[in-house]
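There are 2 protein chains.
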Amino acid sequence: MGRIIEFNRDQAVEIAMHEFWQHGYSEVSIKSVSQKIGISRSSFYNTFGSIELLFAEVLDLYEYDAPIRKLRTAYSSEEEDKGNLETPVNSIRSMFQTLCKLRARDSEHRGCLIINCLGDLNHFNAQAQTDILGRIQVLRGEFHKTLRLAVNLGELPKHTDTHKLALSLQTLAVGINSMSKIIHAEEGLNAIANSTLDGIGINAAKHD
Amino acid sequence: MGRIIEFNRDQAVEIAMHEFWQHGYSEVSIKSVSQKIGISRSSFYNTFGSIELLFAEVLDLYEYDAPIRKLRTAYSSEEEDKGNLETPVNSIRSMFQTLCKLRARDSEHRGCLIINCLGDLNHFNAQAQTDILGRIQVLRGEFHKTLRLAVNLGELPKHTDTHKLALSLQTLAVGINSMSKIIHAEEGLNAIANSTLDGIGINAAKHD
DNA sequence: AAATTATTGTACATAACTGGACAAAATAAC
DNA sequence: GTTATTTTGTCCAGTTATGTACAATAATTT
Chain A
248 MGRIIEFNRD
258 QAVEIAMHEF
268 WQHGYSEVSI
278 KSVSQKIGIS
288 RSSFYNTFGS
298 IELLFAEVLD
308 LYEYDAPIRK
318 LRTAYSSEEE
328 DKGNLETPVN
338 SIRSMFQTLC
348 KLRARDSEHR
358 GCLIINCLGD
368 LNHFNAQAQT
378 DILGRIQVLR
388 GEFHKTLRLA
398 VNLGELPKHT
408 DTHKLALSLQ
418 TLAVGINSMS
428 KIIHAEEGLN
438 AIANSTLDGI
448 GINAAKHD
Chain B
248 MGRIIEFNRD
258 QAVEIAMHEF
268 WQHGYSEVSI
278 KSVSQKIGIS
288 RSSFYNTFGS
298 IELLFAEVLD
308 LYEYDAPIRK
318 LRTAYSSEEE
328 DKGNLETPVN
338 SIRSMFQTLC
348 KLRARDSEHR
358 GCLIINCLGD
368 LNHFNAQAQT
378 DILGRIQVLR
388 GEFHKTLRLA
398 VNLGELPKHT
408 DTHKLALSLQ
418 TLAVGINSMS
428 KIIHAEEGLN
438 AIANSTLDGI
448 GINAAKHD
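Residue numbers (this note's numbering), protein chains in the order written: chain A, 248 to 455; chain B, 248 to 455.
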């Protein structure tokens, strides 16, 4: 058996995520990210293979903790009985609230890594572009699942065009992520989110 | 008197605009843009000075024809009398319609040059960053002027928070510009725009 | 000690570009 | 022809980074 790996690989991926998020994909070189992680270029190649492969891992990591992952997308009778669950519509509202909070608290105002890639698409090869666009599609699918559940549970009208609404929600999220680079106050971002959500029918919970 | 300039300078700036718009700021080198224009590097330096100076000119040109420039922002009793003017709210709706049309018709789906810069901000020096952010602020001011006029003309309620609404409109525009890289159909973009505008109180004209 | 794997540093050839300098050639008016 | 400006190409020194190869060193187990 040989030498074991010294550095924490997961932590290295997190450090890399921050670099890509802060500086943009094309400004991060193998040299610079290796320095940030604290390893040599040779070790980088041994561990990650290439910058592209590392970046794909970074996107997975980023997406894993994205606010949209907390949306309620499925019906579960067990949890329904417990009365623990947030309604689908409320989970959308909460998601936007969390999003605004995270962006406001980000001292570097990095916006959203994935949406930043959308604005910077020319720097990626065709495969990476396809990956990024696909992720954005999948994220829209999360909105869609939640909306469909809301319709099924009677929270939204039966005739709701869930595709269109999912698109509007994603457009709002894209806008807020981008504007968060300029508008730093949480209440400002919340104001945008709330007025638009109210307007498109994603209403705050009513208290009985 | 010496030799006159051979190439059309205005046309060169347009070609450069397209390059920056298509490829992103940092992918455009002096060498590549000189080639596209059809001049030597030496002539480029003689004419434009630097890539930064050229880019500032490009932003001016881009902004000059931006859909938002067509918003109605001022009261004019002459034109009011002629009954020619679009109402402020209608001019906002038209603006979004134009925006969706332009983006859908763009075969290269370039989005918006200025908003792309927002996602790519790390590639600019501090001065250029300030310039870009300032332009985005000015563009929001255009929305704000139109909204204020709409309130003054009684088109919007007196208690309308025009600052917040301008922010929401800009967020929507940012979202649509970005999404237009994925959603290419004009009717898809229009659907997003219209549902959101309806929801935040920018309603389509009512016919008497 | 031998085998295995991780880490490092170095060398190499390559790529792509930059700004500045400079001079020759070209173009226009006088 | 002279003057003035534009265009061009070339050179230079510099920058930054890349992927690959490779060998030495280090760390772990058997």
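Beta carbons: idealized from backbone N, C-alpha and C, even for Gly.
So is residue i in contact with chain A if we call contact Cβ pairs under 7 Å?
i             : result
residue 379/B : no
residue 365/B : yes
residue 422/B : yes
residue 456/B : Not covered by the structure: residue 456/B. The range shown for chain B is 248 to 455.
residue 302/B : no
residue 426/B : yes
residue 285/B : no
residue 451/B : no
residue 349/B : no
residue 289/B : no
If we ignore side chains and look at the alpha-carbon of each, how far apart do residue i and residue j end up?
i             : j             : result
residue 430/A : residue 287/A : 38 Å
residue 370/A : residue 274/B : 8 Å
residue 398/B : residue 389/A : 38 Å
residue 268/A : residue 261/A : 10 Å
residue 325/B : residue 403/B : 22 Å
residue 317/A : residue 338/A : 8 Å
residue 425/A : residue 364/B : 11 Å
residue 244/B : residue 401/A : Because chain B spans 248 through 455 in this model, residue 244/B falls outside it and cannot be assessed.
residue 455/A : residue 436/B : The pLDDT assigned to residue 455/A is 39, lower than 50, so where the model puts this residue is not dependable, and the model offers no usable value.
residue 336/B : residue 423/B : 19 Å
residue 384/A : residue 395/B : 37 Å
residue 406/B : residue 427/A : 26 Å
residue 350/B : residue 296/A : 38 Å
residue 265/B : residue 345/A : 38 Å
residue 298/A : residue 253/A : 20 Å
residue 419/A : residue 250/A : 50 Å
residue 366/B : residue 408/A : 30 Å
residue 305/A : residue 379/A : 12 Å
residue 319/B : residue 372/B : 34 Å
residue 341/B : residue 451/B : 9 Å
residue 449/A : residue 443/B : 11 Å
residue 377/B : residue 368/B : 10 Å
residue 457/B : residue 263/B : This structure cannot speak to residue 457/B, because chain B is shown only from 248 to 455.
residue 308/B : residue 323/A : 55 Å
residue 277/A : residue 332/A : 45 Å
residue 421/B : residue 300/A : 30 Å
Taking the alpha carbon of residue i as the point to measure from, which residue in the options has its own alpha carbon closest?
i             : options                       : result
residue 382/B : 282/B, 436/B, 353/B and 313/B : 313/B
residue 446/B : 379/A, 296/A, 416/A and 307/A : 416/A
residue 255/B : 405/B, 291/B, 435/B and 347/B : 291/B
residue 439/A : 427/B, 334/B, 411/B and 367/B : 411/B
residue 375/A : 303/A, 252/A, 253/A and 278/A : 303/A
residue 354/B : 251/B, 433/B, 257/B and 344/B : 433/B
residue 392/B : 414/B, 373/B, 380/B and 379/B : 414/B
residue 294/B : 259/B, 372/B, 341/B and 443/B : 259/B
residue 441/A : 343/A, 421/A, 386/A and 348/A : 343/A
Which residues mark the beginning and the end of the alpha helix (DSSP H) in which residue i is found?
i             : result
residue 421/B : 409–426
residue 196/B : Nothing in the structure corresponds to residue 196/B, since chain B is present only between 248 and 455.
residue 257/B : 256–270
residue 366/A : 360–366
residue 403/A : Taken as a continuous stretch (DSSP letters only), residue 403/A belongs to no alpha helix (DSSP H), as it is neither H nor E.
residue 353/B : Looking at the DSSP string, residue 353/B is not in any alpha helix (DSSP H), and its letter there is neither H nor E.
residue 334/B : From DSSP, residue 334/B is part of no alpha helix (DSSP H); its letter is neither H nor E.
residue 311/B : 298–311
residue 432/A : Residue 432/A -> no alpha helix (DSSP H), and no H or E assigned at all.
residue 275/A : No alpha helix (DSSP H) contains residue 275/A, which DSSP labels as neither H nor E.
residue 292/B : 288–295
Is there at least one Cβ from chain B nearer than 7 Å to residue i's Cβ?
i             : result
residue 353/A : no
residue 369/A : yes
residue 454/A : In this prediction, residue 454/A has a pLDDT of 49, which is less than 50 and means its spatial position is unreliable; what the coordinates show is noted afterwards. Chain B, which has no Cβ nearer than 7 Å to the Cβ of residue 454/A, makes this no.
residue 245/A : There is no way to answer for residue 245/A, as the model of chain A reaches only from 248 to 455.
residue 438/A : yes
residue 480/A : This structure gives no information on residue 480/A, because the portion of chain A shown stretches from 248 to 455.
residue 433/A : no
residue 325/A : no
residue 418/A : yes
residue 388/A : no
residue 400/A : no
Legend entry - Sufficient close CB pairs (3 or more, under 8 Å) joining the segment 276–286 of chain A to the segment 354–371 of chain A: No: fewer than three Cβ pairs fall under 8 Å.
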